[in-house]
Structures are given as structure tokens and as C-alpha cells.
Amino acid sequence: MPIAPPLPAALYAGAEAFQRERRSIFASAWLMLARADQVREPGQYIAQSLGGWPIFAIVDDSGRKSGFRNVCRHQGLPIFDTGSGRCAEIRCRYHGWSYDASGCFRGAPPQSAPADVADPLHNLQRIATAEICGQLFVHLGEATGAPALPVLAAADVERFAFSGESVSDIDANWKLVVEAMLRTAPSAGSRAFEWPALVADAMPDAAVVHQIIPRAFQRTRIQHHRYGGAEAPEIAAVREAAVAAQAALTQAVEMPPDENAAVAAFRERIRRAHLAN
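Mapped onto the working numbering, the consecutive letters of the sequence shown carry residue numbers 803 to 1079.
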């Protein structure tokens, strides 16, 4: 079987590659937004920037969760800051355009009101949502049905009660963070990966869902959602490996070879995503 040539180091070190991935990877994949229980009561919302895409989900009066691009239709400015909260209505802080929880335009001050208030183009841009194993996922593209996400089923997340959350910020490209996690595993359990940025740890009496959030081309956040008896994961080795790899790439032309099969498979998907763009 022929060996694929090394990936260019620029794919892991440059802003241009991140912008391509924003379109070719994150705009066409199911991405974890939050745990489903973080938005369960009317008016609750959660907003994230996932792979460069500002997104939020909100609960309407019937308890239905809906996902939208976090962009006001007036001038394209963000509606919510990253984080969670509760609101009686969705209102843009800049020029006062307001929407209901289904994303429909409700009104605006006279000085910024559109000529045709009934034009559906004034409604927020809805995105697909799906709840899988207690997690809320969103899809920015043409989603066909809910994702299978076998790694969550394998970790048996729904068997355990939620026990806590922690956050790790790492100054490295998201792909280096994924690769560092693929090379490690919990001391008593197994680790599985779901394209493009989800890792789940399965243990006898616990599980951890690692939500990897690419925030910029050299900045990554991991939100660790713990279930059962899981303790806060130790990710010092992951951080050290990813940051060291990022520093080494400033002078590199190609990615160094890696014998880890999971890393090799991940890099091949990265290669295909960039070739397709």
C-alpha cells in the first residue's frame, strides 16, 4: 500500500489553512455545541464559536431547542456573547432588531427597521440540531438525518449522571490537540475519536466527553464533560505535546512522520478536506 506524502506544516501553522477548514470541515460536519441539559427551560440559550462559526441554540416556550447562526440579519453583527444565559426575547444589542425563539423577526426601532418587515430574509438563519446521548449537536450545512456518533454510544454516556465540567485552553492548532489526545488514553479505560473534533473516554464506572473547540488557528479549547465517577482529566501531557509541536512547526516544511494509526487516519482526512477545497 503506498505511503501518503507528509502534510505541509503550513496546514498546522497558518491562518489560511484554518479558513479553508472553516469551510471544508466545520461547515459540513455535525459539531457538538453543548450538553443538552444546558438548555432545557424556555429562554435558556448557549452560544459558541465552533471552528470559526458563531452559533447559538435557544429553547422556546414549548421546550423545543432550535439552533441559529449567531448573526443579526441587519448588519451581520453578533447577537450573543460566547456563553450561556436566559432571555425573554432575542435582541441585537447594536441596532435593536429582535426575534422570537423560533428565529422569526419581530421588530426594530424606526431608525433601523426594514422597509418590508414580512420579508423572510429578516429571520435568523436556522441550522440543524440533534440530541445524541445527552449532547446537543449542530450542523451548518445540508444535514441529512441525525448523526450516529458511535463513540458516545460506546462510552455509554447516558448510563451515568453528569458529575462536572472543566475547561482547558491550549495555545496550539486544533489538529495538534486532537493528535496529542489520540496518542494518549485514560489509565483505566479506552479513548475513541469522532470526526472532526470529539473525543470520548470510556471507563468501567465513568465517561468523559471531550468537546474540542477550534477558536483560532493557534488556539484551542477543550470542554471536558464528566459523567459517573470521572475526575477532572489530566491533560498536562496533551498540552505540552501540542504546544511543543506548534513551536517546532515555525521552522518546518512538512509534518514529521507519526506511526500512530489513529493519527495517520486523522491526517488522511485532513489531507482530503484540503484537497477538496
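From the three backbone atoms N, C-alpha and C, an ideal C-beta is built for every residue, glycine too.
**Prompt:** Which of helix, strand or coil does DSSP assign to P952?
**Reply:** Residue numbering aside, residue 952 sits at position 150 when the sequence shown is read from its first letter. If DSSP states are grouped into helix, strand and coil, P952 belongs with the helices.
**Message:** Is it buried or exposed, D1062, if we count other Cβ atoms within 10 angstroms and call 16 or more buried?
**Reply:** Mapped onto the sequence shown, residue 1062 falls at position 260. Correcting the residue type first, residue 1062 is Asn in the shown sequence and not Asp. So N1062 counts as exposed.
**Asked** Would you report the Cα separation of P922 and P810, rounded to the nearest angstrom?
**Response** Position 120 of the sequence shown holds residue 922. Position 8 of the sequence shown holds residue 810. Each residue's Cα considered, the two are about 44 Å apart.
**Asked** Would you call P804 buried or exposed, if buried means 16 or more other Cβ atoms sit within 10 Å of its Cβ?
**Response** In the sequence shown, counting from the first residue as 1, residue 804 sits at position 2. Note that P804 scores 48 on pLDDT, short of 50, meaning its location in the model is unreliable; the coordinates nonetheless yield the value given after this. Burial call: exposed.
**Message:** Considering only DSSP beta bridges, list what G909 is partnered with.
**Reply:** As a first step, residue 909 must be located in the sequence shown, where it is residue number 107. Answer by DSSP bridge pairing, in chain order: S900.
**Item:** Boundaries (first-last residue) of the beta strand (DSSP E) holding Q821
**Value:** Here residue 821 refers to the residue found at position 19 when the sequence shown is read from its first residue. Q821 -> not in any beta strand (DSSP E); alpha helix (DSSP H) instead, spanning A817 to S826.
**Request:** Determine the DSSP secondary structure at S868, reduced to helix, strand or coil.
**Result:** In the sequence shown, counting from the first residue as 1, residue 868 sits at position 66. For S868, the secondary structure class from DSSP, reduced to helix, strand or coil, is strand.
**Cβ-heavy atom distance, G943 to the ligand GDP, below 7 Å** = Ligands in the displayed structure: none, and consequently the ligand GDP is not present.
**Prompt:** Hey, quick one: how far does the alpha helix (DSSP H) through Q1048 stretch, first residue to last?
**Reply:** Within the sequence shown, residue 1048 is the residue found at index 246, counting from 1. Its alpha helix (DSSP H) spans residues A1038 to A1050.
**Prompt:** Do you know offhand how far I1014's Cα is from R993's?
**Reply:** By 1-based counting over the sequence shown, the position of residue 1014 is 212. By 1-based counting over the sequence shown, the position of residue 993 is 191. Their backbone Cα atoms lie some 14 Å apart in a straight line.
**Item:** Close Cβ partners of G991 (< 6 Å) along its chain, the five nearest in sequence each way excluded
**Value:** Counting from one through the sequence shown, the residue named residue 991 turns up at place 189. For G991, the CB contacts under 6 Å within the same chain, skipping 5 residues up- and downstream, are D1003, A1004 and M1005 in chain order.
**Prompt:** Based on Cα-Cα distance, which residue from F858, S989 and A836 lies nearest to F882?
**Reply:** Residue 882 sits at position 80 when you count from the first residue of the sequence shown. Closest by alpha carbon: F858.
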